[in-house]
Structure formats: C-alpha cells, structure tokens
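Chains as they are written, first to last, in the UniProt record's numbering: chain A, 1 to 344; chain B, 1 to 344.
Protein chains: 2
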Amino acid sequence: MTGIRRLAQHLDISIGTVSRALNGRPDVNEETRRRVLQAATELGYVPNQSGRSLRQGTTNIIGFMMQTGTEITGQGDTFFMSVFDGIQTVFARHRLDLVALLCSSSEDPDDYLKRVVARGFADGLILSATQRHDPRFEFLAKRKIPFVTLGRSLTDVGQPWLDLDFEGMAQISIDRLVARGHRRIAVTRPHDDVNLGHLFVDQSARALAGHGLALDPELIFSSLPNEAGGYQVARQLLAMTDRPTAILLVNETIAIGFYRGLSEAGVKPGRDIAIIGRQSPQSHFLSPSLTGFTLSRRDLGIALAEALLATMPAFSHLYPDADPRKVWSEDLIEGESDAHTLPA
Amino acid sequence: MTGIRRLAQHLDISIGTVSRALNGRPDVNEETRRRVLQAATELGYVPNQSGRSLRQGTTNIIGFMMQTGTEITGQGDTFFMSVFDGIQTVFARHRLDLVALLCSSSEDPDDYLKRVVARGFADGLILSATQRHDPRFEFLAKRKIPFVTLGRSLTDVGQPWLDLDFEGMAQISIDRLVARGHRRIAVTRPHDDVNLGHLFVDQSARALAGHGLALDPELIFSSLPNEAGGYQVARQLLAMTDRPTAILLVNETIAIGFYRGLSEAGVKPGRDIAIIGRQSPQSHFLSPSLTGFTLSRRDLGIALAEALLATMPAFSHLYPDADPRKVWSEDLIEGESDAHTLPA
DNA sequence: CTGACCACCGTAAACGTTTACGGTACTATG
DNA sequence: CATAGTACCGTAAACGTTTACGGTGGTCAG
C-alpha cells in the first residue's frame, strides 16, 4: 500500500476525499481536511508527480532554455544565472519547478527544442538567445505551448516578450558622446543574426543622423560576445588609419577584452578614447572605471516569470495586468571611460 | 484514441505488441517491428513520459545541481557550462535528459535537494559545490538515489566522485616556486567550508615542509571565489609589511581581480611577484600571461556522466570499468606570471 | 410528514504505459 | 500421429493520481 492509498487507509477514509482535501477542493469538511494535512506531513506523503501528470496532462515544470558556451549566450553566463534566480522566486510561489534546459553548442537549438516538446517535458518555456528569425516561436505556437522570450524577434506569433532597451541605450550613448564632441563613433554587435545587434546598430545610426552625422560602416564591429571578441575589436580598431574617437560596446563581457587590447597599445580609456558599455560583475574591476548601463537582472527574471504565468490558463487570473511585452530601460552608471572630450 | 492505442489500432495489432516492438524486446517478429517503427514515425508517435514513468518508476531525467551566483559556484559559471556540455553528450546516447537544477542563492541547498527528491524528479543526480561536510550525501544515500559528486568531501557514503587534483597542483606549484628561490609563498582558498580549500592549503603546507619551509598562517588568504575576491586579496597582500614574493591562486576567476589590484599599485606579475593560478577563458586576456593549470572541462563532464551511469543498475553493465573515484590532473601552462626569480 | 436542498464523502473510471501470463499456430522430434 | 518446443502475439493488471457522478444523512421550509 503506497501513496495516497496508504494515507487514506491510515485515516480510514477514501482516497477521493484525501485527494480533494490535499488539493484544496471546497467540498470537504474542514476538520477532515485538517486531519488529512496532518497525516500527510506525519507520514511524509508527497504526491507522485507521474501519476498526477498522467491524469492532468501537466508536468508542473517550467523550462528555461539557454545555450551552453559563452560564444552563444554572450552574457558571460552570470547574466542568466541572475535572471534565473528571479524567475525561480516567482515560480516557487506556485509550486512550479524551474529547470534549466541547456542546449549544447554542438546541437541545433531547434532540434533540441523539438525533443523537449515531444517529450512533453514542460508546461511552459522561457526562451533566450532569440534569433532575428526564430523558427522556435512558430513551432511552439503551433503546439500551443505557453512561452515567453527574453529578447524580441522579427518572428511574431503573438507571444509575450521582454527585452532590454537597446534602442534607448544607443540613443543615450550617442547623444552623450556627440555632446562631447565625438564625430567618429564606433559600435559593436554580435557576430550572428541575433536581433539585438540590429536594434542596437540601427538605432545608433538613427541617433547619429539626428545630429547630422552618419554611421561609417567601417565602424561597425562584429564580435564574439565574450572577452575574446572584445580583444579582437580592440586590435582591429587600433589597426585602423582613421580611428574612431569613441565606441559603444553592446555586450557585457567584451569590455574586459577590449580594455586589454587597448592597454597593450598604451591606449587609455577615457583619455585616448571614449567608451560606453554595459556594467557587469566583472566590469567593476576595470580601470579606468567603465561608463555603462545596468539593470536588475533579478527583477527582469521576475517579470519574465509573471509574463509567462499570465499566458498560462491555470495562472492567468493571478496576473491580470502583467505586461505582455515590455522593454526594460537600463540606468547609466557614469564612470571614467567616456571622459575623453574633443574640442568643438 | 491516443498514444500507443492509436498506433495499435492503425496497425491492427495489440498495444502490447506495439510496446514490445518499440522497446526492442526480442519476442516480436522483425517484420512487425519494422511496421511498428515505420508507423510510429509516420504518425509522429512519441511515448508519453508520464505513463512510462508511472509504470516503471523512473523518469529518464538526470539532474545536475548547481548553485546560482558566482559567489557560490566560484568558477565564473562558464566552468560548469563546459562540464555540462560533456555530461550531456554522454546521456544523450542513452536517451536520458539532462537538466540543470539551479539552487537559488537565497535557498538552502539541502532543502532544495529534498524538494527535488521528494518530487521524484530525477533518476540520478550530479552534485557540485560539495561542502567539506555535506549532508546531502547521506540524504541521497538513504533514499538510494544514484549520484556522483564533482568534488570530494569528508562525508563518505560510498558514492563515486571526481575531483581536480588540488594536491598535485599545490605540490607542483610549490616545488616550482621554491626552485626559483621563493621562501614566502602565499596561497588562497575559498572563504567557505568547501573541501578544495582544505586540500589545497594543506598540501601546500606539506609541500613547503618538504623543502624545510613553513606556511605562514598570515599568508593564507580567504577570498570570495570571483573577481572581487581576487581584488581583495591583492589589496590585503599589498598592505602587508612583509609581503610574500609569490602566490598560488586556487580559483579560476580570481586572477582577473588580483591582476587589477596589483596594477593599481604598479606591481607587475612576473617581475615583482610570482603567480601561479588556473587557466580560464578569461585568463587568456591577462597580461603578463598567467602561468596556470588547465584541463578539458568537457572530458571531465564525460567522466562524471559515466561514473554516474556505472552506479545505475539499468546502465551499469555498459560501464563496467568506469572509474568510481578519480582525481583529474591538470596541465601546467607556462606563462610569464611566475617568471619572478629570487637570488639564492 | 414530505420534499428539496445541502454538505460531505465513496466509487470507479480514466490518463498512457509496461509486462507477466497464457494462448495459438507452427515446426521438429520421436 | 502424438508430443514437445518455439515464435509470436493478445489480454489484462498495475503504476498513483484526479474527478465526474451518485449516494447518504441531515436540515429546513412548506
């Protein structure tokens, strides 16, 4: 005798009543419910998830899909850890288990997702590393699997998304640098077809145009979104005959490598070149200090979780006014790296 | 009509036969098996995991438990990503799904593990961030849940483990530095009760003793295992009146912060102080280049996976000679950071 | 007193598998 | 021809839940 049956036998009531009592159904005497609950903790009863899943067709699992290898995630991975933390706190409230689904860099993300879905693994998914055209969205929409994405995409199937305000960052950065006299301003972007690259570069160009300036195509640097990428960008930039006087770094981690590349050539941030980037736990150890954007990754995670729950029928009533699509502005932390000013 | 029943009806055979055919049982005609397999792909049939789990009492899931926050994992998290990658490749061969269970830094790892186990989540577990005394081991052993740990512990319940050869690294480093004339050699260790700290410091002391030297307790620096920790160590070290002439860095990530702290004071690695650390993707961007240990994290992951499978009854026959307990030696990559030599 | 209503509870089916058991038809052996 | 053996397949139980449905006993209004 195991499971709910054991509990029922012990209390000398039926398993139906036990189940109802545990699941908070109204049609059960409060006194019996109390007894059931007590016996459950006493006997250490915990419902079998397989039985429950089989019956209800739901797994109580939410998957957060990421990709291994910093070359792909590009945020130094600690970014996602913090976001994950925020998501976890929300789901824990609803007894939903959050797991990380790490797609190996050697596997196609689309195939990986198909496997996960075919297995009926999760009730909902959170997708990151969204591509500019992302076939995963259509796939999930067709299967009617609730999901939310971290990052916008041109592929729109009506799913909720959250994203960082890359346009805003570009605009603020450009305005700031132009005001300091810069005319030749470089920007970086990830090497692959991830959407944020387009958003960032395009808005940088528009912002420059607003000042009557153009974005020189030569000054758009594609890089791996990690330290190595930043280093490469520095080398390329230093090798140019007509160097830019300022640069925008779109990724969090590349500043480390970029600084290194500069210092090898004796070029000092804030004195010889102006830099605006993104803050990270690592960037605090850069010198001169980095001027860069920052936000609470944990809050972002919380918002992601709530956006997903809002689309899941079983929970949507709890989050009636969750923002289905929102851009998160980052705050600019002023450092020394963009102090470089040109004469008017 | 759904699932296996639909398939059976479509083929006009019984569900039992279908199941046997799909699961590779011997007592089914090869011709019918072929037909079943073909129909399965045609109709896109994929067995329901809940039904299967309920019947077999197994989930086909392996969990890799880590902790969020670099303050805890200490390896810059990219370490675990690579290990994860290796594990994944092995499990994929056996149709086991690997998920990452990320314990939030705000939750007690023991409680988290209990929740996971109570839910019957996984058939096996891989534990990281092993403490010197780790109650999780006894808990899992009592429940007879197969698990393997990345990292040794004083708590021994007979579980398999893999670990890095911290003793070997300490020995080699000390020998090397002593040969270069160093007498006052500092070591770092994580601030908490994680086992590797003890292994590393103790062996360093023994190695020094082998040369007739003692490890000055003042030269044992506890630090957070991240960039900030390395920076703090540098500050403390520089503030000492009787500075060490060499130092061993036990973590991968702290070199970044340590270098920064030194450079602020104009102290140059390899010229003013000798440093031996651990290589990481980030450390390649340090200058002067870091002398440090390295190993294939992916191979480590593969070995971890095989060690776990060897303890699982359903798979143990496939890995008869998997090493249940093994220390992985790292290779020393010679850089410039330990060039500093003292006169005899 | 009768009927309706209500609060609570028990019964049993259903979810989709796997697998022990037994049955059938055919082959080989004496 | 009788028997044993074999190859293959169908039947049905079991895994642990949830939940629709119906039943029981009580209360209360008419």
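Glycine residues also receive a C-beta, built at the ideal position from the N, C-alpha and C atoms.
Apart from sequence neighbours up to five positions away, the residues of its chain that approach Cys103(B) with a beta-carbon distance below 6 Å are Gln67, Pro109 and Tyr112, ordered along the chain.
Under the Cβ criterion (8 Å, minimum of three pairs), the segment 194–213 of chain B does not count as touching the segment 226–234 of chain B. Any Cβ of chain B closer than 8 Å to the Cβ of Ala314(A) would place that residue at the interface, and such an atom is absent.
Short of 7 Å from the beta carbon of His191(A), and not among the five residues preceding or following it, lie these beta carbons of its own chain, in chain order: Ser222, Ser223 and Leu224. Contact residues of the segment 112–126 of chain A toward chain B are Arg115, Val116, Ala118, Arg119, Gly120 and Phe121 (C-beta to C-beta distance below 9 Å). Looking at the DSSP output, Met66(A) sits in a beta bridge with Leu102(A). Excluding its 5 nearest sequence neighbours in each direction, Thr59(B) has C-beta neighbours in its own chain below 8 Å: Gln49, Ser53, Gly120, Phe121, Ala122 and Asp123, listed in chain order. Residues of the segment 275–287 of chain A with a C-beta less than 9 Å from any C-beta of chain B: Pro281, Gln282, His284, Phe285, Leu286 and Ser287, listed in chain order.
For the pair Val148(B) and Asp338(B), the Cα-to-Cα distance works out to about 36 Å. Boundaries of the beta strand (DSSP E) harbouring Leu125(B): Gly124 to Leu127, taken from the DSSP string. At a cut-off of 8 Å between beta-carbon atoms, Ile256(B) makes contact with chain A.
A Cβ of chain A is located within less than 8 Å of the beta carbon of Thr68(B). Around Arg132(B), the same chain offers Ser153, Leu154, Asp193, Val194, Asn195 and His198 as residues with beta carbons nearer than 7 Å, after the five sequence neighbours per side are excluded. Pro225(A) has no beta-bridge partner at all, per DSSP. The three-state secondary structure of Gly86(A), taken from DSSP, is helix.
With respect to chain A, the C-beta atom of Gln49(B) has a partner C-beta closer than 8 Å. For Tyr231(B), the nearest CB of chain A lies under 8 Å from its own CB, placing it at the interface with that chain.
In this structure Lys326(A) does not touch Leu219(A) by the C-beta definition: roughly 31 Å separates them, more than the 8 Å allowed.
Taking 8 Å as the CB threshold, Ser223(B) stays off the interface with chain A. A residue is called buried once 16 or more other Cβ atoms fall within 10 Å of its Cβ, and Ala274(B) is buried on that count.
The three-state secondary structure of Thr311(B), taken from DSSP, is helix.
For Lys268(B), the three-state secondary structure derived from DSSP is coil. At least one beta carbon of chain B lies nearer than 8 Å to the beta carbon of Leu102(A). For Gly335(B), the secondary structure class from DSSP, reduced to helix, strand or coil, is coil. For the UniProt domain "HTH lacI-type" (2–56) of chain A, the beta-carbon criterion of a distance under 7 Å to any beta-carbon of chain B is satisfied by Val46, Asn48, Gln49, Ser50, Gly51, Ser53 and Leu54. Counting the other Cβ atoms within 10 Å of the Cβ of His317(B) gives fewer than 16, which makes it exposed. Around the CB of Ser204(A), 16 or more other CB atoms lie within 10 Å, so the residue is classed as buried.
Nearest in C-alpha terms to Met169(B), of all of Leu300(B), Ile4(B), Arg206(B) and Arg298(B), is Arg206(B). Here Asp163(B) carries a strand assignment [DSSP, helix/strand/coil]. Listed in chain order, the non-local C-beta contacts of Ser14(B) below 8 Å within the same chain comprise Ala8, local neighbours out to five positions each way being set aside. Taking a C-beta distance under 8 Å as the contact criterion, Ile145(A) and Phe64(A) do not qualify as a contact pair.
Exclusion of the five residues before and after Leu262(B) leaves Ala234 as the residues of its chain whose Cβ lies within less than 6 Å of its Cβ. The three-state reading of DSSP puts Arg278(A) in strand, counting E and B together. Among the residues of chain A, those whose CB is under 8 Å from the CB of Thr89(B) are Ser104 and Ser106, following chain order. Against Arg260(B), the close residues of chain A are Phe285, Leu286 and Ser287, in the order they occur along the chain (beta-carbon pairs closer than 8 Å).
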